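A short write-up of the structure that comes next.
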Amino acid sequence: MSNEINCIALIGKQNNPLYLKNFSNTHPDLKYHYIAHTSIDVIEERVASGPKNLDLYLGLLYAMEDLAVYGYMTNTRVKFVVVVSVTEGIIRDAEMKAIFKKIHSAYLSQICNPFYNLNIQRSIDSKAFIRAIEAIGVNANAKATMDI
Amino acid sequence: MDLATNITSSCRVRVLLVPVPPIKTSTFWKHVELVKKFSVVRLGDVTPDLQKGAGAMFSSQVFQEGQMHFQFTTTYTRDHAHLEDFQPHRRIFGVIGVMDCQEWKDKDLSEGYKHFVDTLHKYPTAIATRCFAFDPTETQPDDTKGLIMIPNVGNMSFYMSTMICDFASEILSQFSILANRIENLPSLESPLPRSYYITQQFEATNNNGVMPQPSVSTPGTPYNNHRQSQPPKPTQSSSSSLLKRASTPVGNIKPPPLNHHPQTPPLPQQQSTFSPKLPRTPMSPPLPSPQPTMTRSTSTHGQGESGKTKRRTPGRVKKLLADLYLLAGRLPDAVNHYSQAIELTKTTSDYLWLGSALEGLTCATLLLEYLHADVGHIVSRTQSAPGDIPGETPSSPTSEVPPSSLLGGPRSTLSEVMQRYASLIQYYSKVSTTSTVPMPSLIYAETAIKMSRFLLTVYANGGWSDKVLNLLIQGRLNGESSTDTVTGPQRFMSVDDIIKHKESGIPRHDIAEWVTKVWTARLDDLSLVDQINIMTHMSSVLNAIGYHRKSAWLMYESVNRMLPLLIQSRATLASSRDQTKKDHSKNDDGILQVLKRICEVYGLGERNVHDGGALGALQGQDDGSNKQRDVEDGVRGAVAKEQLRFGWPKLQIDILRQCIAIAEALPDYGAVLYYTTVLLKNLYQYISKDEQIRLATSIQRIVAMGKRVGQVESNVNYWGVNIVSNIEALLPIPRKAVYQHPIADSVAAAATTPAANGDPFIYNPFTQKRNEKPQVILVKDETCEFKVTLSNPFGFDLELQNVALSTTDVPFNAVPATATIPANGTLNLRLTGTPEETGTLTVRGCIIKIVGFAEQEFLIDYSQKMKEATKDSRGRYTKEEQPKNELIKLKRSGLNALQTSRKRETSDELKPIQFYELNVIDDQPLLKIKSTSLLHDAVMLYEGEMTHISIELENIGNIPVDFTSLSFVDSTTANPLPVNPELPMEEQYEIELYTKGMHVFSWEGSKDQMAQFVGKNIQLPPGGQWKIIVNVYGKRGCTGGTIQIDYGYLNRKEQSSSTSFYTRQLYLPVLVTVYQNLEPLNWDILYLRHSAPVPKNEIDSALQRISAIDLNKGNAFDQPIEDLLLITRHFDDENNRNDYCLVTLDVRNTWTVPFDVEFVIDNSDLENTDKKLTSVVTIQPGSTKRVTVPVKRLFLDVEECLKPVPSLEPNKQFVVSQGPKIPPEQERARLQMFWYRESLLKRIQATWRCCSTGRHGILNLRPSLRLTPMQLSILKKEDIEFIVEMKGNVKKATHRRFECKCNDFVTMEVSIHNRHGSYYYAKRKYSLHHFKHCNSRISILT
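Protein chains in written order, with this note's numbering: chain A, 25 to 172; chain B, 16 to 1357.
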């Protein structure tokens, strides 16, 4: 698999940006901000029209140019968006699920911090969390390059 | 330029409507609308081709039910010229000139016609032309050949339809010519995609500046060409590019070597070789556009490709013929040809053409289905517009028509179409695998949009139905005339809508998927205009299915792409008039609307942001902004919008920057201003300091430019963040402060207000505390000060050129000030002003002019402040409530919230705003202390001394003073020692006596010396002076005090009705130093018993001597103790009791000068009243002297002794004693002790005098006196007294001394005197020690 994670974004339950990390060096952050923002549309629709016991993993939200946007929503309506650049090959859902699971656990440990205000509108600036997210992205990308 | 975005757009014959000048724009559009009504022509009505009849290839008579659909456009570009050969429906087949005869009244119409013909060369693809002359007058001859007069009388629509049918007929006949040529073509190439033009385009823009199209080389656009060009015959100009294509290889062979590289390098060369050629070859206008295509295609396909192309040609030809049949409305033929084409292309794997054929087939089947439903509809068009065809459909006898086999079922058609498109898009994506010519991305994108629009139509109309089919044919989304209800900019899709649409059975993400398929085409290869076009279509579709964010993003992207065009067009505005310019001037508002919509989706809607009235000012330009409305805007900006903030700041910043850029390009300075202010005001937290400064300066620049252009008014209020955070009236200096008193009782009553309001507690911690803050009362014509707190949330300093209070209700002369608020800081400013009338002054806020900006009023809502203040005062409840308030309760999130909040806001009006109100009262007098008798405001006293201070007052006000009152506070009473209720009552009494009973100050003028608050009516005219004398008493421990003078002018004529009056106060602080000069100590009371009687004359002389002692005589040092003692030995004959005791005390002089101390003992009792003894003693510095004074022993009644200890505190809180209960006897003893001490102190009074300085005062004995029970027993007369009296031959010497002869019987009478109130049951026991032989008679006296 030669797909690289370009961006990991966390969106709060009020659709407020919680955190966004850009792993690519070709696009500016802003582009991923837009992608994450537009993906809310799709997530909302999936959730509205989907079955009651929807899986947390929402699968491919949409593809744009050479980017594929994957979504995941926790039970508290916090959304994770991962943007993957599709150069070649297919992306297996299992891999994406694993990545999302990692992000989810990073987020869980973040909100387990008693000093973190869940309802705060500002973005997460915890160093541990940022490190965890960066590790997820870097690991996944490293694995992708190793596979080649 | 128009894109084929409808699934049925491939059946439309494009006809261009051109104005023939001179014609008014409005007239032109009126006629265009008229012509557009006849966009559908039934084949049966079309004039049959007379020459060939039914045998003609595109004869209208073969399939009479068929319809021709015209698409009348008014714009013409050759952007997609390269695709015209591939998809004939892109081509302009006909040109209709619109002429207004009214403009040609005096001139020859033929001239106009000639003019029209002259312009025809611009439209080389047109195969049929007409010129309609509307509204001819009677006089104008209808003789010009080719010119069709449309009279405005009679059955005009019938006439028009005839003309259109005629026109259609001509087109049909031309079709056959076209078809012939196509059939004869040796080979047909695929269209070259845009990427081939890209490099060329850059070249072109370099050369030409504006036009992004390669078709600079087409003759249509360069205006300078057309004069040179000779008018080609219109009919001949129908020679299509297809023909050219066939001929060009012959006429214009390019050297093949140039074209070996298919991609880039040769192309600019070609272009450059062609473009200079153009002006020189005006005869070849129709040619050049296909030329580059041609040459290149030959080159690219080259030798290798040509064979393949040849093989594929038959299929392609079939497809083109089918296209033509479709255009001609000959649907069966079209279907037939399409199926042939599909088969042929499939075998040659010519996927591009295959896909296109499939598209055409889909269109044809849809049309067929439509026609079958509509087959009974004889008159396809009457006077009515095609718009009401759906309305007529039910009237048509559909029931008579047996359900045709083609109309298999609603679902099947739908699924069939979907399936077909799904497969054809697959074919399209495979194009590149089988052909060297890549897939034209435009076609791909169009296909995706077509399908998404098709699905959307079904979706929006609740599933597949005839109605949907009708709409599809018309290429509209919705049944209603205005598609705006779905795609309009102001509407957000609600949940209800989504549910309503759900029954259509088409999931939204299917539609979205088709839309996103557009992205798989390389949009960047397309021309900007096409990109914008496609994106707007995508955006509208997404919007209609409720993907607002995506839609907004696409809008943002498309606007982004418009930006360079806008800038270009503005840049070349002066030099060239090009078409983009025309569009923009028309669509300026449109772009702004789009921006508004984008902003709304991103949480920057007009209702959600602070705009500081910039928007209001923008709108105000239209209707002349009135002041009142501005004010309301300000209020809204300040108050109402607080809660509605949401959004994604990073995106918002980007969006706003883009908005600013767009608005600058337009240029619309108002919008620039608006977006700049919105950016600065709402997102300053996220913007760096530098950019903040840049934005702030750019605001000034924008206004300056806007003013020059006239778009922005000079008095725009655009600084919206409320920088005034608080306004508070300052208490004036104490000398000028005004105090309000109720008029009911006098000032004295007001002083002792702690009223008995039924509360048993004097201090109740649970009672509601009154607002203790003194109310600020302003005085007319006197300057008052306000504390204004300004805050600057921005990252740069705000320089305020002018700050003044904004007030209403009472004329107020505000004094402006200047200030600079530091970045991210607050500033406290003192603003002054003078109220000029009495009444209520309302402080609205501040009027602030920031340097370089317009003056603006910032309002302060006092009600919110009050709320906060009360919340704070509630103490610990606040802490619990605070987090609750901070919690945000969400009922809706995202765009739904936006929608609901919008509803809410429209429903309720502006919040009422409460301003800061102040009372302004009438003039008040003003006094000043002119002089006092004090030096440095200090007075030195010995303890117990009394001096006088004289204070001179002067009235420096404008009105007289008629009332004054003095009140005094000293350091001992101002903060008295707290009385411990656990202390014994006696000690409490002592403490109270000290704090309350002794006053440092008293007013000489008052009757009661001790009163601490005295009022007086005086008359002091302006300028008058008045002297007050105040007594000062040297009280131990006093360090200072204040003399307070309240004064006012009460007897106003006009003030009779008011319930209160006002006074001012003057304070005179006095420093008091009290020195303790004499110290009494060591009290003792001794028992006196004398045996020897003293002759009366001695006592008298002693009394005389005592009274003779005078301090002035200097004989005071020899204290005549002996005399005093002598007096005590004085007996009465009658009441000869020895009732003196000796009181001694030491007095120490702790000062440095000798003092004479005079004791006055009041020994008066019931019997003799004038017995006063004085004892004078001089005490040298540092020495102690014992003073001995005889005091008559006391006896107090039992009742008197049992009186409770008095208290000087009038309202003292009763506290139940916590300590152990004291036994009653002990209690009685204590009370007795207290009262005896009191009466002893009453009897002895001491004064001191300093001979050298002449000062005198009282020596306070009280603190030093402590009585012991022993001393008390001496002081007190015994309860029971025995009085012995001898009778008979007895000589009484003195008291209890008798003389009698020996051995003589005398009668001794012992009387017992009981002073006590109760009976004593004493045992009678007689003991006669001394008198052994005597008869005793005891009489008991009760």
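Here a beta-carbon is modelled for each residue, glycine too, at the ideal position from N, C-alpha and C. It should be emphasised that the depicted structure is a prediction, and the values quoted were computed from it without experimental measurement.
*Kindly list the residues whose CB is nearer than 7 Å to the CB of V1175(B), restricted to its own chain and excluding five residues on each side of it in sequence; keep chain order.*
Closer than 7 Å at the Cβ level, and outside the excluded window around V1175(B), lie K1187, T1189 and Q1260.
_C-beta contact flag for L844(B) and V818(B) at 8 Å_ = Yes, Cβ-Cβ distance for L844(B) and V818(B) is below 8 Å.
*Under 7 Å between beta-carbons, which chain B residues line up against H51(A)? List them in chain order, please.*
Result: empty, since nearest Cβ-Cβ is about 14 Å, beyond 7 Å.
*Just the chain A side, please: which residues come within less than 9 Å of T531(B) by C-beta, in chain order?*
Neighbours of T531(B) on chain A, chain order: Y86, A87 and M88.
_Less than 8 Å between the beta carbons of W568(B) and Y58(A), yes or no?_
Contact: yes.
*At what residues does the beta strand (DSSP E) containing F809(B) begin and finish?*
It is not in any beta strand (DSSP E) - F809(B) carries neither H nor E in the DSSP assignment.
_Rounded C-alpha distance that separates P975(B) from P940(B)_ = Answer to the nearest angstrom: the Cα atoms are 6 Å apart.
*For the alpha helix (DSSP H) that contains L688(B), what are its first and last residues?*
In the DSSP annotation of this structure, the continuous segment of the alpha helix (DSSP H) that includes L688(B) starts and ends at Y684 to N697.
*asked:* Taking 8 Å as the threshold (C-beta atoms), are L80(A) and I67(A) in contact?
replied: No, the pair does not count as a contact, with Cβ atoms beyond the cut-off.
*Does I157(A) have its Cβ less than 8 Å from a Cβ in chain B?*
Not an interface residue.
*Taking DSSP as the reference, what is the three-state secondary structure of V132(B)?*
Secondary structure at V132(B): helix, using DSSP grouped into helix, strand and coil.
*Amino acids of chain B, ordered along the chain, whose beta-carbon sits closer than 9 Å to that of H57(A)*: H57(A) reaches chain B at W663, K665, L666 and D669, counting residues in chain order whose Cβ is nearer than 9 Å.
_Bounding residues of the alpha helix (DSSP H) (the contiguous stretch that carries S480(B))_ = Element bounds for S480(B): n/a, residue is neither H nor E.
_If contact is defined by three or more beta carbon pairs under 8 Å, each pair taking one atom from either stretch, is the segment 1189-1201 of chain B in contact with the segment 1236-1249 of chain B?_
With fewer than three CB-CB distances shorter than 8 Å, the segment 1236-1249 of chain B does not count as touching the segment 1189-1201 of chain B.
_Quick check on I22(B): buried or exposed, where buried means 16 or more other Cβ atoms within 10 Å of its Cβ?_
Under a 10 Å Cβ-count criterion, I22(B) is classified as buried, with 16 or more other Cβ atoms of the shown protein chains found around its own Cβ.
*So, using beta-carbon positions, are I738(B) and L688(B) closer together than 8 Å?*
Cβ atoms of I738(B) and L688(B): not closer than 8 Å.
*Spell out the partners DSSP gives T88(B) in its beta bridges.*
T88(B) pairs with L31(B).
*Which residues, in chain order, does the segment 31-43 of chain A contribute to contact with chain B at a C-beta distance below 8 Å?*
Result list: K37, Q38, N39, N40 and P41.
*Return helix, strand or coil for T428(B), following the three-state DSSP convention.*
Annotated three-state conformation of T428(B) is helix, per DSSP.
*Taking 8 Å as the CB-CB cut-off, is H563(B) touching chain A?*
Cβ-Cβ to chain A under 8 Å: yes for H563(B).
*Taking C-beta pairs closer than 7 Å, name the residues in chain B that T62(A) reaches, listed in chain order.*
The answer, in chain order, is R564, K565 and W568.
*Own chain, CB closer than 8 Å to F78(B), minus 5 neighbours either side, in chain order*: L58, G344, R345, L346, P347 and D348.
*Establish whether the CB of L54(A) and some CB of chain B are separated by less than 8 Å.*
Cβ-Cβ to chain B under 8 Å: yes for L54(A).
*Could you have a look at L569(B) and say whether DSSP puts it in helix, strand or coil?*
Helix.
_Is it buried or exposed, N143(A), if we count other Cβ atoms within 10 angstroms and call 16 or more buried?_
Counting other Cβ atoms within 10 Å of its Cβ, N143(A) stays below 16 and is therefore classed as exposed.
_Quick check on A559(B) - is its C-beta less than 8 Å from some C-beta in chain A?_
False, the Cβ-Cβ gap to chain A never drops below 8 Å.
*Which of the three DSSP states, helix, strand or coil, is assigned to K52(B)?*
Looking at K52(B) - three-state DSSP - the assignment turns out to be coil, as it is neither helix nor strand.
*Would you decide whether H963(B) is buried or exposed? Buried here means 16 or more other CB atoms lie within 10 Å of its CB.*
By the neighbour-count criterion, in which a residue is buried when 16 or more other Cβ atoms sit within 10 angstroms of its Cβ, H963(B) is exposed.
*Using a Cβ cut-off of 8 Å (strictly closer), state whether W534(B) contacts chain A.*
Between W534(B) and chain A, the shortest Cβ-Cβ separation is below 8 Å.
*So what's I404(B) in DSSP terms, helix, strand or just coil?*
Summary for I404(B): the model assigns pLDDT 35, below 50, so the residue's position carries little reliability; its value from the coordinates is reported in the next sentence. Residue state for I404(B) is assigned as helix, using DSSP reduced to three classes.
*With respect to the alpha helix (DSSP H) encompassing E1001(B), which residues constitute its N-terminal and C-terminal limits?*
That run of the alpha helix (DSSP H) goes M1000 to E1007.
*Backbone CA spacing between E679(B) and V609(B) [nearest angstrom]*: The straight-line gap separating the alpha-carbon atoms of E679(B) and V609(B) is approximately 15 Å.
_Between the alpha carbons of G1039(B) and D1161(B), how many angstroms are there, rounded?_
Computed Cα separation, rounded: 53 Å.
*Whole angstroms is fine: what's the gap from I875(B)'s alpha carbon to I936(B)'s?*
For I875(B) and I936(B), the distance between alpha carbons rounds to 24 Å.
*Out of L339(B), S354(B), Y443(B) and E198(B), state which residue places its alpha-carbon closest to the alpha-carbon of T328(B).*
The option with the nearest alpha carbon to T328(B) is E198(B).
*List the whole-angstrom C-beta distance separating G330(B) from L359(B), where the pair is believed to meet the contact cut-off of C-beta under 8 Å.*
With 8 Å as the limit, G330(B) and L359(B) qualify as a contact, their Cβ atoms being about 3 Å apart.
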